Amino acid sequence: MCEEARSYVFTIEEDEYRFRLEECEGLLFLHVDVYEWGLSLCKEMKLAFEECLAWAKDQGHTHVMAYTENHHFVAMSKSAELVETRGTYGVYVWAV
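Under our numbering, the residues of the sequence shown are numbered 806 to 901, in order.
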């Protein structure tokens, strides 16, 4: 994880969830907080995720990374590449 102070450069916040992109040493890390889960949120969250990727691309980034044990969330996007496993966690990368 980044040792410098967290710098969230893009945020989408709803009552049920929050997506944040953190920039650290030129890399973008995706943080997702889900407050209330429901199947009806899947489509809405996928659109928010796609908006994060589009923002990253517009800013000149080529990849977005995430570190998670929630592999079901990652499955929402078929473009994720698992680059490393640490216990039950996976490090995923999306090309933008």
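Backbone N, C-alpha and C fix where the C-beta goes; we use that ideal spot for every residue, glycine too. Quick caveat, the model's predicted, so the values are computed rather than measured.
- Scanning the region 808-871 for uninterrupted beta strand (DSSP E) segments of 3 residues or longer gives 813-818, 822-829, 832-839, listed from N- to C-terminal end.
- The beta carbons of Glu889 and Val896 sit closer together than 7 Å.
- When rounded, the separation of the alpha-carbon atoms in Lys851 and Leu833 is 18 Å.
- Contact between Leu846 and Glu830 does not hold, since their C-beta atoms are separated by about 32 Å, which reaches or exceeds 8 Å.
- In the DSSP assignment, Val879 falls within the alpha helix (DSSP H) that extends over 876-879.
- In the DSSP assignment, Val896 falls within the beta strand (DSSP E) that extends over 894-900.
- By alpha-carbon distance to Leu826, the top candidate from Ser884, His836, Glu874 is His836.
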